[in-house]
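The structure under discussion appears below in the form of structure tokens.
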Amino acid sequence: MTEGAAIPETIVFDAEPLIAYFCNEPGSDTVETYVDAIEGAADGYISATNLAEIHYIVRAIDGEERADAVVNVLEESGIRRIDTEQTWA
Numbered sequence: 013m014t015e016g017a018a019i020p021e022t023i024v025f026d027a028e029p030l031i032a033y034f035c036n037e038p039g040s041d042t043v044e045t046y047v048d049a050i051e052g053a054a055d056g057y058i059s060a061t062n063l064a065e066i067h068y069i070v071r072a073i074d075g076e077e078r079a080d081a082v083v084n085v086l087e088e089s090g091i092r093r094i095d096t097e098q099t100w101a
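Read in order, the letters of the sequence shown are residues 13 to 101 in the working numbering.
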């Protein structure tokens with residue numbers, strides 16, 4: 013993120029940046045800024061499909077228990093899951 017750039021009021025998360033964040037890959041500190049913003053004033057969203065992708069990939073890397081923990085952290089962070097039906101309503 014550019015130094016001094018404002019965090020948007022609404023953040024839509026994709027799977028890849030969140031996988032980088034939870035696997036401590038390059039760029040994870042930038043993603044952390046956005047995840048932390050959800051605990052503040054920003055609204056965060058993730059599609060159910062992306063959440064399933066995160067679980068699938070983290071499970072392949074670190075196992076089922078870690079994948080479940082990652083999904084729990086996302087749910088507890090305030091990031092709202094949007095199901096497919098909601099996008100077409």
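Cβ atoms here follow ideal geometry from the backbone N, Cα and C, with glycine treated the same way.
This structure is a prediction, so every number in the text was calculated from the model and none was measured.
Rounded to whole angstroms, I66 and E28 show a C-alpha spacing of 8 Å.
Straight-line measurement puts the Cα of E76 at about 33 Å from the Cα of E21. A straight-line Cα-Cα distance of about 26 Å links E51 and D74.
Judged by DSSP in its simplified three-state form, D74 adopts helix. Beyond the five residues adjoining it in sequence on each side, D26 comes within less than 7 Å, by CB distance, of N62 in the same chain, given in chain order. The residue from D95, I58 and V70 with its alpha-carbon nearest to that of N36 is V70. Taking 7 Å as the cut-off, the beta carbon of I31 is found no closer than this to the beta carbon of Y57.
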